[in-house]
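**Student:** Every position in the sequence shown, counted from 1, becomes a number in the numbering used here once 20 is added.
Below you'll find the structure I mean.
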Amino acid sequence: MKERDAERTKYKILRAAEKLFLENGYDETTIADIVSEIGMTKGAIYHHFKSKMDILLNLFEDRVGKKMEELKPGKNGLEDLRNMFRLSLQSHNIQAIIYSAQVSLKSPELVGKEFFHVLDSAEEVERIIRKGIEDGSIETNYPREIAEITLLYLNMRIGIFLTEFTKKDFMRKMNFSRDMLESMGVPIFTDEIIKDAENLYDFIKKK
Numbered sequence: 021m022k023e024r025d026a027e028r029t030k031y032k033i034l035r036a037a038e039k040l041f042l043e044n045g046y047d048e049t050t051i052a053d054i055v056s057e058i059g060m061t062k063g064a065i066y067h068h069f070k071s072k073m074d075i076l077l078n079l080f081e082d083r084v085g086k087k088m089e090e091l092k093p094g095k096n097g098l099e100d101l102r103n104m105f106r107l108s109l110q111s112h113n114i115q116a117i118i119y120s121a122q123v124s125l126k127s128p129e130l131v132g133k134e135f136f137h138v139l140d141s142a143e144e145v146e147r148i149i150r151k152g153i154e155d156g157s158i159e160t161n162y163p164r165e166i167a168e169i170t171l172l173y174l175n176m177r178i179g180i181f182l183t184e185f186t187k188k189d190f191m192r193k194m195n196f197s198r199d200m201l202e203s204m205g206v207p208i209f210t211d212e213i214i215k216d217a218e219n220l221y222d223f224i225k226k227k
C-alpha cells in the first residue's frame with residue numbers, strides 16, 4: 021500500500037511539474053511553484069526527487085517510456101524505424117520542455133541522461149535495422165554503428181537545431197539529415213517525418 025501511495029505521489033508531482041514547465045518554462049518554475057500547485061510540502065517533494073532537475077529527468081524517462089509502448093509494428097524494418105522516429109518527433113510537450121528553454125544545452129546531467137537513453141535504445145534500433153536488412157528494406161553492413169550514429173545525431177543535433185536556427189535553416193538541416201541517412205543505406209526520413217519535425221519546430225517556437 022505504501023509503495024502504491026508513493027507511486028501516486030510521484031505521478032502527481034510529475035504531472036504538476038509538466039504543466040508548470042509548459043506554462044512558465046523550466047527555468048521560471050520553482051519547487052515552491054510545484055508545492056503550491058499540488059498542495060504538498062517541500063519535504064514531501066524532496067522525499068521523492070532530489071531537485072527540480074531530478075523531476076525533469078524522471079519526466080523525460082516517463083514520457084519516453086510511454087511513447088515507446090505506443091509503437092506499432094510496421095510491414096518491414098524500415099517502417100518500424102520510421103514509426104519510432106515519428107513518435108519521438110510527435111512528443112511535443114516533453115521536447116518543448118527540454119528544448120525551448122535550452123535546458124539540454126545548459127545541463128550536462130540531462131545531456132548525459134539523453135546520451136545513455138540513446139545508447140540503451142541503440143540495441144532496439146539495431147534489432148529493427150537487422151530486421152530491415154533481412155526483409156530487404158534496409159541496406160547496410162553496420163547495423164550497430166548506424167543505430168548509434170542515427171540516435172546520437174538526431175537526439176543531440178535536433179535539439180541544437182531547434183533552439184539555435186531559423187526555421188529556414190532548421191528545415192535545411194533536416195533535409196541534409198535525410199540525404200545523409202539515405203547515403204548510409206537507412207532512408208528513415210519521409211516527407212511525413214520532415215513535416216513532423218517542422219510541426220515540432222513551430223510548436224516549440226510558440227512556447
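Glycine included, each C-beta is placed from N, C-alpha and C at the ideal position.
1) Output yes or no for whether 8 Å exceeds the beta carbon distance between methionine 204 and isoleucine 166.
2) Are lysine 32 and isoleucine 58 close, meaning C-beta to C-beta below 8 Å?
3) Note down the Cα distance separating valine 84 from arginine 198, rounded to an integer number of angstroms.
4) Quick one, which of Leu76, Ser108 and Asp82 has its alpha-carbon nearest leucine 91's?
5) According to the Cβ coordinates, are leucine 34 and isoleucine 75 closer than 8 Å?
6) Just how far apart, CA to CA, sit phenylalanine 105 and lysine 30?
7) Figure out for me which residue from Met191, Arg150 and Gly63 has the closest Cα to the Cα of isoleucine 213.
8) Thinking C-beta only, is leucine 171 closer than 8 Å to valine 7?
9) Among the residues of its own chain, which have a CB less than 6 Å from the CB of arginine 164, if the five just before and after it don't count?
10) If you follow the alpha helix (DSSP H) that serine 108 is part of, which residue opens it and which one closes it?
11) Isoleucine 234 and leucine 98 look like a contact to me (Cβ under 8 Å); what is the Cβ gap, rounded to whole Å?
12) Where glutamate 38 and isoleucine 54 are concerned, what is the direct C-alpha to C-alpha distance, given to the nearest angstrom?
13) What would DSSP say about glutamate 38, mapped onto helix, strand or coil?
14) Please report the distance separating the alpha-carbon of glutamate 218 from that of aspartate 155.
15) With a threshold of 16 other CB atoms inside 10 Å of the CB of arginine 275, please say whether the residue is buried or exposed.
16) Give every residue of the same chain whose Cβ lies closer than 7 Å to the Cβ of isoleucine 65, excluding the five residues on either side of it in the sequence, and list them in chain order.
**Tutor:** Taking the geometry as given:
1) yes
2) yes
3) 23 Å
4) Ser108
5) yes
6) CA-CA distance, phenylalanine 105 to lysine 30, rounds to 28 Å.
7) It is Met191 whose Cα lies nearest to the Cα of isoleucine 213.
8) With the chain covering only 21 through 227, there is no way to say anything about residue 7.
9) Glu146
10) In this chain, the alpha helix (DSSP H) harbouring serine 108 covers 97-109.
11) For residue 234 there is no data in the structure shown, the boundaries of the chain being 21 and 227.
12) Their Cα atoms are separated by approximately 10 Å.
13) helix
14) Their backbone Cα atoms lie some 30 Å apart in a straight line.
15) The shown model of the chain, from 21 to 227, leaves out residue 275, and the question about it has no answer.
16) Ile33, Ile51, Ile54 and Val55
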